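Enquirer: Below you will find the structure I want to go over with you.
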Amino acid sequence: MKSDNKPDVCVVGLGYIGLPTAAVIARAGCKVLGLDVSQRVVDTINRGEIHIEEVDLDGLVQGVVSRGLLSASIEVAPADIFVIAVPTPFDENHAPDISYVLSAARTIAPVLKAGDVVILESTSPVGTTEQMRDMIAEMRPDLKVPGLTREIPDISIAYCPERVLPGRILEELTNNDRSIGGITPRCARKALSFYKRFVRGECVTTDARSAEMTKLVENAYRDVNIAFANELSMVADRMGLDVWEVIRLANRHPRVNILSPGPGVGGHCIAVDPWFIVHSAPEETPLIRTARGVNDGKMHHVIARAEALLETHPEARVACLGLAFKANIDDFRESPARFVASRLVRRFGSRISVVEPYAAELPLEFKDTGVAQIDIDDALEICDILIVLVDHDVFRVVPLAERADKLVYDTRGIWPDQPRVVREEEAKLRLAV
Ligand code: SAJ
Numbered sequence: 002m003k004s005d006n007k008p009d010v011c012v013v014g015l016g017y018i019g020l021p022t023a024a025v026i027a028r029a030g031c032k033v034l035g036l037d038v039s040q041r042v043v044d045t046i047n048r049g050e051i052h053i054e055e056v057d058l059d060g061l062v063q064g065v066v067s068r069g070l071l072s073a074s075i076e077v078a079p080a081d082i083f084v085i086a087v088p089t090p091f092d093e094n095h096a097p098d099i100s101y102v103l104s105a106a107r108t109i110a111p112v113l114k115a116g117d118v119v120i121l122e123s124t125s126p127v128g129t130t131e132q133m134r135d136m137i138a139e140m141r142p143d144l145k146v147p148g149l150t151r152e153i154p155d156i157s158i159a160y161c162p163e164r165v166l167p168g169r170i171l172e173e174l175t176n177n178d179r180s181i182g183g184i185t186p187r188c189a190r191k192a193l194s195f196y197k198r199f200v201r202g203e204c205v206t207t208d209a210r211s212a213e214m215t216k217l218v219e220n221a222y223r224d225v226n227i228a229f230a231n232e233l234s235m236v237a238d239r240m241g242l243d244v245w246e247v248i249r250l251a252n253r254h255p256r257v258n259i260l261s262p263g264p265g266v267g268g269h270c271i272a273v274d275p276w277f278i279v280h281s282a283p284e285e286t287p288l289i290r291t292a293r294g295v296n297d298g299k300m301h302h303v304i305a306r307a308e309a310l311l312e313t314h315p316e317a318r319v320a321c322l323g324l325a326f327k328a329n330i331d332d333f334r335e336s337p338a339r340f341v342a343s344r345l346v347r348r349f350g351s352r353i354s355v356v357e358p359y360a361a362e363l364p365l366e367f368k369d370t371g372v373a374q375i376d377i378d379d380a381l382e383i384c385d386i387l388i389v390l391v392d393h394d395v396f397r398v399v400p401l402a403e404r405a406d407k408l409v410y411d412t413r414g415i416w417p418d419q420p421r422v423v424r425e426e427e428a429k430l431r432l433a434v
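Each residue of the sequence shown is one higher than the one before, counting from 2 in the numbering used here.
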């Protein structure tokens, strides 16, 4: 550590979590080296630019790079703190793949020295931090590692999951509480003193396995609760009820807080992490597994209803509003809206137009389908049917007067004042689905 007492930090993985994290640590005055396997990413960051979209991240990265606090490389270098933020996907059987974590550990192991702290932030199945520790121990028999020595270990290893919401990453990185799980209590304390440098939220220490499980539980909790809302929406469709009205009323109960139905659950966290729990305890997780099924099933329900609506109006021109996985962001990965729109395009071709103000161009699967990307004003002018798939603010603010004569299938409930599809239409849809 240098004389100013600020540790040098190496952040492994410069994606949606790693880059903002690296930038925030650099803003706190630490010298940060960001490590990535992509030369393109490294070059972009070293120019002071960014390769992902996130509110205010461009200015922050530009600032810390120009002040010499953040630089990127594909080559590891010694540091005092190592933060690993690499992806943990799952395979076709929903088994978690921690190979990127282990490969990150392999990368940093040769440069570790006594006093260093290694922190894993990637969402990981329980036990991953210990596996990472074992790998480091194997590669560096000269170092005493925590949990495998009776003496004071040379290095500290901890798990500290990120909790940030895309679109609010910088704010949440600093303000959210953090759980910090050490392989030993001493490891947790070492990691704690690092996070205190840039986190204003409360940092709570625990053991690594509990912290790993906590992260999975947070996202599974949300998935299960969204599944409840989505199931209600399908029940309401069957019964000809307005689910939004029912939820609004039910939520007036002081102990009821039902989330919002939508076209399904997207993103790379909530639809993924519950599987890590199911994979570890398949017998004990019928609820979590079923919730996943309900949320994935909701996409197919939306497709079936939209198809029925389009079939009963063969002349109608149709706009799908939104492709992003949620409101007001430009992230189209694992997006139910994108899945629904592409299925409709495949079936109905150029009858469908897509409105996505956050996309400069439509994703690949829309190429050569004859589908047009139009803006919301054109959609309101030329389309007879509007299928709301994302609750972007630009859609939400369209006043009733401009859409009252449209047939609307609002999967997000953004227009509670929209006259319901006439009773006859509803009956047809119910029969069709
Ligand atoms: N959604 C609904 N109805 C709702 C809320 C969300 O259908 O009432 C849908 C969204 O449209 C989206 C999906 O769920 O498709 C997920 O969106 P989200 O905003 O709930 O969450 P993410 O995936 O952007 O971020 C989550 C967050 N986890 C929790 O809120 C427990 C975030 O704090 C985590 O850091 C992030 O996962 C992560 O990286 O794990």
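Yeah, the Cβ is synthetic: ideal placement off N, Cα and C, and Gly gets one too. Quantities reported herein were computed from a predicted structural model and do not represent experimental measurements.
With a 10 Å radius around its C-beta and 16 neighbouring C-beta atoms as the bar for buried, classify histidine 302 as buried or exposed.
Expert: By the 10 Å Cβ count, histidine 302 comes out buried.
Enquirer: Once you ignore the five residues that flank alanine 96 on each side, which residues in its own chain have a CB closer than 6 Å to its CB?
Expert: Only His280 meet the Cβ criterion.
Enquirer: Ends of the alpha helix (DSSP H) at alanine 380?
Expert: Start and end: 377-383.
Enquirer: Is the region 378-391 close to the region 313-329, with three or more CB pairs under 8 Å?
Expert: Cβ pair count under 8 Å is three or more, so yes.
Enquirer: How would you call histidine 393, buried or exposed, if buried means at least 16 neighbouring beta carbons within 10 angstroms?
Expert: Counting Cβ neighbours within 10 Å, histidine 393 comes out buried, since at least 16 surround it.
Enquirer: On the three-pair Cβ rule with 8 Å, is the region 55-66 touching the region 79-99?
Expert: Short answer: they don't touch.
Enquirer: Could you name the residues that DSSP lists as bridge partners for tyrosine 410?
Expert: In DSSP, tyrosine 410 forms a bridge with Ile388.
Enquirer: May I ask you to check if the CB of serine 104 is nearer than 6 Å to at least one heavy atom of the ligand SAJ?
Expert: No, Cβ of serine 104 sits at least 6 Å from all heavy atoms of the ligand SAJ.
Enquirer: Out of curiosity, what's the CA-to-CA distance linking isoleucine 75 and alanine 328?
Expert: Between isoleucine 75 and alanine 328, the C-alpha separation is close to 34 Å.
Enquirer: Who are the near neighbours of threonine 370 in its chain, counting only those whose CB is closer than 6 Å to its CB and skipping five residues on each side?
Expert: Within the same chain, threonine 370 has close Cβ partners Val346.
Enquirer: To the nearest whole angstrom, what separates the beta carbons of glycine 16 and isoleucine 53, a pair I think is in contact under 8 Å?
Expert: The Cβ separation is near 7 Å, so the contact holds.
Enquirer: By DSSP's criteria, proline 97 is part of a beta bridge. Which residues make up the other side?
Expert: Answer by DSSP bridge pairing, in chain order: Phe91.
Enquirer: Note down the Cα distance separating proline 420 from threonine 291, rounded to an integer number of angstroms.
Expert: Roughly 33 Å separates the two Cα atoms.
Enquirer: Determine contact between the region 140-150 and the region 231-239, defined as no fewer than three beta-carbon pairs at a distance below 8 Å.
Expert: Touching, no.
Enquirer: Closer than 6 Å: is that where the CB of glycine 263 sits relative to any heavy atom of the ligand SAJ?
Expert: At least one heavy atom of the ligand SAJ is nearer than 6 Å to the Cβ of glycine 263, so yes.
Enquirer: Just checking isoleucine 271 against the ligand SAJ - is the residue's beta carbon closer than 6 Å to any of the ligand's heavy atoms?
Expert: It does: the Cβ of isoleucine 271 is within 6 Å (strictly closer) of some heavy atom of the ligand SAJ.
Enquirer: Using only CA atoms, which one of Gly268, Val200, Val165 and Ala380 lies nearest to arginine 28?
Expert: Checked all of Gly268, Val200, Val165 and Ala380; the closest Cα to arginine 28 is Val200.
Enquirer: To the nearest angstrom, how far is it from the Cα of valine 12 to the Cα of alanine 23?
Expert: The alpha-carbon atoms of valine 12 and alanine 23 are separated by roughly 6 Å.
Enquirer: Any heavy atom of the ligand SAJ closer than 6 Å to the Cβ of leucine 260?
Expert: Yes - the ligand SAJ has a heavy atom lying nearer than 6 Å to the Cβ of leucine 260.
Enquirer: Looking at the structure shown, is proline 417 part of a helix, part of a strand, or coil, going by DSSP?
Expert: Proline 417 falls in the coil class under three-state DSSP.
Enquirer: Terminal residues of the continuous beta strand (DSSP E) containing tyrosine 160?
Expert: Per DSSP, tyrosine 160 belongs to the beta strand (DSSP E) from 157-160.
Enquirer: Is the number of C-beta pairs between the region 159-170 and the region 181-198 that are closer than 8 Å three or more?
Expert: Flag = yes, the region 159-170 and the region 181-198 touch.
Enquirer: Shortest alpha-carbon distance to valine 398 belongs to which of Asp406, Ala405, Leu408 and Trp416?
Expert: Here the closest residue by C-alpha is Trp416.
Enquirer: Within the region 34-111, note down every full beta strand (DSSP E) run reaching 3 residues or more, in order along the chain.
Expert: If we require 3 residues or more, the beta strand (DSSP E) runs fully inside the region 34-111 come out as 71-74 and 82-85.
Enquirer: On a CA-only basis, which of Ser180, Leu113, Ala115 and Thr130 is nearest serine 100? Give me that one, please.
Expert: Ranking the options by Cα distance to serine 100, first place goes to Thr130.
Enquirer: Using a Cβ-based criterion (distance less than 6 Å to any ligand heavy atom), does lysine 327 qualify as near the ligand SAJ?
Expert: The answer is yes for lysine 327.
Enquirer: Drop a sphere of 10 angstroms on the beta-carbon of lysine 32, count the other beta-carbons inside from all chains shown, and report buried for 16 or more, exposed for fewer.
Expert: It counts as buried.
Enquirer: Measure the CB-CB distance between alanine 221 and threonine 206 and report whether it falls below 7 Å.
Expert: Cβ distance not < 7 Å, so alanine 221 and threonine 206 don't count as in contact.
Enquirer: To the nearest angstrom, how far is it from the Cα of valine 42 to the Cα of aspartate 59?
Expert: If you take the alpha carbons of valine 42 and aspartate 59, they lie about 14 Å apart.
Enquirer: Can you give me the C-alpha to C-alpha distance between arginine 134 and valine 146, rounded to a whole angstrom?
Expert: So the alpha carbons of these two residues sit roughly 7 Å apart.
Enquirer: Flag glycine 267 as yes when its Cβ comes closer than 6 Å to any non-hydrogen atom of the ligand SAJ, and as no otherwise.
Expert: Yes, the Cβ of glycine 267 comes within 6 Å of a heavy atom of the ligand SAJ.
Enquirer: Does the structure place the region 222-233 close enough to the region 271-280 that three or more beta carbon pairs sit under 8 Å?
Expert: The region 271-280 is in contact with the region 222-233.
Enquirer: Does the ligand SAJ have a heavy atom nearer than 6 Å to the CB of arginine 79?
Expert: A quick correction: the sequence has proline, not arginine, at residue 79. Flag unset: Cβ of proline 79 not near the ligand SAJ.
Enquirer: Thinking alanine 230 and isoleucine 181 are a contact (beta carbons under 8 Å), I'd like their distance in whole angstroms, please.
Expert: 32 Å between Cβ atoms; not a contact.
Enquirer: So, do the region 302-317 and the region 362-379 have three or more beta carbon pairs nearer to each other than 8 Å?
Expert: Too few Cβ pairs lie closer than 8 Å, so no.
Enquirer: Within 6 Å: the Cβ of valine 225 and any heavy atom of the ligand SAJ?
Expert: Result no, Cβ not under 6 Å from the ligand SAJ.
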